[in-house]
């Protein structure tokens, strides 16, 4: 008796039908709708720096990319609270909380030469000559080969 896998279902069908995924998808759509309403009330320059993180129990948590924008938005907090309360989606809004969370931008690691000074290489080689463990000796010799060649004057 051979095993026959169930037919593949589209991601859209999974999101609509599976209960945990459906709840997650609905929450994501709700947050997106709240983000659009928030963006309509923010200055154009602030829109890319402020995002809705959560909205529950009368508390709106906004994630801001840096302290500068958090400070600017805190000065506008009363106006923003008043304007957002006018939307049905924000009925019951009592408080806006700002949390600074810098956006993640992957940094390339600094390029290092990978060379040791000739003195460090000599020290590693001398240590390798005294070690009896062959694996450790080999590792130390490999490291010693990264030393800068001595210059002839």
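Residue numbers (the numbering used here): 36 to 188.
Even glycine gets a Cβ: it sits at the ideal position worked out from N, Cα and C.
Owing to the predicted nature of the structure, the values given are computational and were not obtained by experimental measurement.
Under the 10 Å beta carbon count, residue 125 is surrounded by 16 or more other beta carbons and is classified as buried. Distances from the CA of residue 47 to each of 56, 94, 107, 39 were compared; the closest alpha carbon is that of 56.
Going by C-alpha positions, residue 91 is about 19 angstroms away from residue 135. For residue 89, the enclosing beta strand (DSSP E) stretches over residues 85-91.
Relative to the Cα of residue 159, the nearest Cα in the group 182, 38, 107, 168 belongs to 182. Excluding residues up to 5 positions away in sequence, 56 lie with their Cβ nearer than 7 angstroms to the Cβ of residue 49 in the same chain. For residue 60, the secondary structure class from DSSP, reduced to helix, strand or coil, is helix.
A distance below 7 angstroms between beta-carbons, with the five flanking residues on each side excluded, links residue 104 to the following residues of its chain, in chain order: 81, 84, 85. Assignment of residue 151 by DSSP, reduced to helix, strand and coil, places it in the strand class. DSSP, reduced to helix, strand and coil, places residue 170 within a helical segment of the structure shown. Residue range 94-99 is occupied by the beta strand (DSSP E) that includes residue 97.
Under DSSP, the beta-bridge partners assigned to residue 133 are 97.
Residue 102: member of the alpha helix (DSSP H) spanning 102-110, first to last residue.
Under the 10 Å beta carbon count, residue 87 is surrounded by 16 or more other beta carbons and is classified as buried. Of the candidates 63, 97, 102, 97 places its Cα closest to the Cα of residue 119.
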